[in-house]
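Novice: Structure below; questions to follow.
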Amino acid sequence: MGVGVVARPAPGVELEDLGEEVLAYDGTTLTLLSGAEVAVVRAADGVSDVLDVRVARDLEDRGILTLTEPPTGERFRRPGHVGFCEDGDHVVLMDLRSGLQHVLSASAAEVWWLVLETGTLDEAVATLEESFPGEASVRDEAEAFVRDLVAKGLLEPVT
Amino acid sequence: MSALVTAGTALAGPDGTAALVCGDPTSTEAVSAALVTRGCRLLENGATVDPGTLEVSGAEVVLLVVLTPQPDGTAVRPMSAGEAAYAVGSRATGLSEVDGGPLPALARFGRRVRGFALSSADPDAAAREVLRLWA
Numbered sequence: 017m018g019v020g021v022v023a024r025p026a027p028g029v030e031l032e033d034l035g036e037e038v039l040a041y042d043g044t045t046l047t048l049l050s051g052a053e054v055a056v057v058r059a060a061d062g063v064s065d066v067l068d069v070r071v072a073r074d075l076e077d078r079g080i081l082t083l084t085e086p087p088t089g090e091r092f093r094r095p096g097h098v099g100f101c102e103d104g105d106h107v108v109l110m111d112l113r114s115g116l117q118h119v120l121s122a123s124a125a126e127v128w129w130l131v132l133e134t135g136t137l138d139e140a141v142a143t144l145e146e147s148f149p150g151e152a153s154v155r156d157e158a159e160a161f162v163r164d165l166v167a168k169g170l171l172e173p174v175t
Numbered sequence: 004m005s006a007l008v009t010a011g012t013a014l015a016g017p018d019g020t021a022a023l024v025c026g027d028p029t030s031t032e033a034v035s036a037a038l039v040t041r042g043c044r045l046l047e048n049g050a051t052v053d054p055g056t057l058e059v060s061g062a063e064v065v066l067l068v069v070l071t072p073q074p075d076g077t078a079v080r081p082m083s084a085g086e087a088a089y090a091v092g093s094r095a096t097g098l099s100e101v102d103g104g105p106l107p108a109l110a111r112f113g114r115r116v117r118g119f120a121l122s123s124a125d126p127d128a129a130a131r132e133v134l135r136l137w138a
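Order-wise, the sequence lines are chains E and A.
Letter by letter, the first sequence follows residues 17 to 175 in our numbering.
Letter by letter, the second sequence follows residues 4 to 138 in our numbering.
Here it is in structure tokens:
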């Protein structure tokens, strides 16, 4: 793995962004990350290419990140200007540029989570098809939903 | 609510706010004693901080001082939010049991509490510096 590596927090690791620094906690050890480490963990969304592999590998060795090959297919991520919070089984997305809120229903929120967690539409659809066998329209509906979010600036493709 | 159990000493000032002093144990004890002789009230050793309100015994923590021994002179350096949060969290016990999770509590602490690294050979000089920072 030297080119085209993606990162995400290692299982059980939580991150807290404090501006110039990030705190990482794995349930036992607290770590303060600074400098180049901050940029790497901020981009550790499982879909964005790691720009500083040396730093990312060091964080992997310290148990903070997991590095993998990029997922195949179209990749998507939450743009930096989009905040979110959970409200029961709904998700509220906030466009921090415009202040507009978008409330996702339970089913829409499920698709949104899956796209973010898997990083790709294909994998999200595959998971949905396992959950709803025989529903022929799952792919079309999920694709249309993702395209709509992209058009509204609430999701962005990773190129 | 499970509190943030620190390794620091909390003292209340005349205005009712609290300072959390931690770091080298010998320095912490000496500087805390010097602060008490200057009118501060000892609240708790091994202070338990409410993770929501950041209060110790009803007094809101507004100042964190991390002490390190120094052969001579006194030096002060402001800490970043991350440094302050880490200074408290890395010295805390039972971190995983903090209500709401340790990271939100530590982040709240780092953002709201002014933190300073204070190096001094003289506990009295260090106490004067703490009071100056607290004012």
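Even for Gly, the Cβ is constructed at its ideal location relative to N, Cα and C.
Across the segment 117–136 of chain A and the segment 47–59 of chain E, are there enough close Cβ pairs to call them in contact, namely three or more that are closer than 8 Å?
Specialist: As far as the Cβ criterion goes, the segment 117–136 of chain A does not touch the segment 47–59 of chain E, which means the pair count is below three.
Novice: According to a CB-to-CB cut-off of less than 9 Å, which residues of the segment 103–117 of chain A neighbour chain E?
Specialist: Listed by position along the chain: 104, 105, 106, 107, 109, 110, 113, 114.
Novice: Residue ranges of each beta strand (DSSP E) run of no fewer than 3 residues wholly in the segment 13–39 of chain A, ordered along the chain?
Specialist: Runs of the beta strand (DSSP E) inside the segment 13–39 of chain A: 21–26.
Novice: Which residue or residues does DSSP assign as beta-bridge partners of residue 110 of chain E?
Specialist: In the DSSP output, where bridge partners are listed per residue, residue 110 of chain E has E:99, E:117.
Novice: Should residue 81 of chain A be labelled buried (16 or more other beta-carbon atoms within 10 Å of its own) or exposed?
Specialist: With fewer than 16 Cβ atoms within 10 Å of its Cβ, residue 81 of chain A is classed as exposed.
Novice: Consult DSSP for residue 120 of chain A and reduce its assignment to one of helix, strand or coil.
Specialist: In the structure shown, residue 120 of chain A sits in a strand (DSSP, three-state: E or B).
Novice: For the alpha helix (DSSP H) holding residue 123 of chain E, just list the boundary residues, first then last.
Specialist: Counting along the chain, the alpha helix (DSSP H) containing residue 123 of chain E begins and ends at 122–134.
Novice: Assuming residue 27 of chain A contacts residue 72 of chain A under a Cβ cut-off of 8 Å, what Cβ separation, rounded to an integer in Å, is found between them?
Specialist: Correct: roughly 5 Å between the Cβ atoms.
Novice: Per the DSSP calculation, residue 65 of chain E is bridged to which residue(s)?
Specialist: Note: residue 65 of chain E sits in a beta bridge opposite E:22.
Novice: Roughly how many angstroms lie between the CA atoms of residue 15 of chain A and residue 124 of chain E, to the nearest whole one?
Specialist: Distance between the alpha carbons of residue 15 of chain A and residue 124 of chain E is about 51 Å.
Novice: Mind listing the chain E neighbours of residue 88 of chain A? Cutoff is C-beta to C-beta under 7 Å, in chain order.
Specialist: Within 7 Å Cβ-Cβ: 34, 39.
Novice: Note the first and the last residue of the continuous alpha helix (DSSP H) segment covering residue 114 of chain A.
Specialist: Here the alpha helix (DSSP H) through residue 114 of chain A covers 105–115.
Novice: Grouping DSSP H, G and I as helix and E and B as strand, with all else coil, what is residue 179 of chain E?
Specialist: Examination of residue 179 of chain E is not possible in this model, given that chain E is present from 17 through 175 alone.
Novice: Is any beta-carbon of chain A found at less than 8 Å from that of residue 53 of chain E?
Specialist: Not one chain A Cβ lies under 8 Å of residue 53 of chain E.
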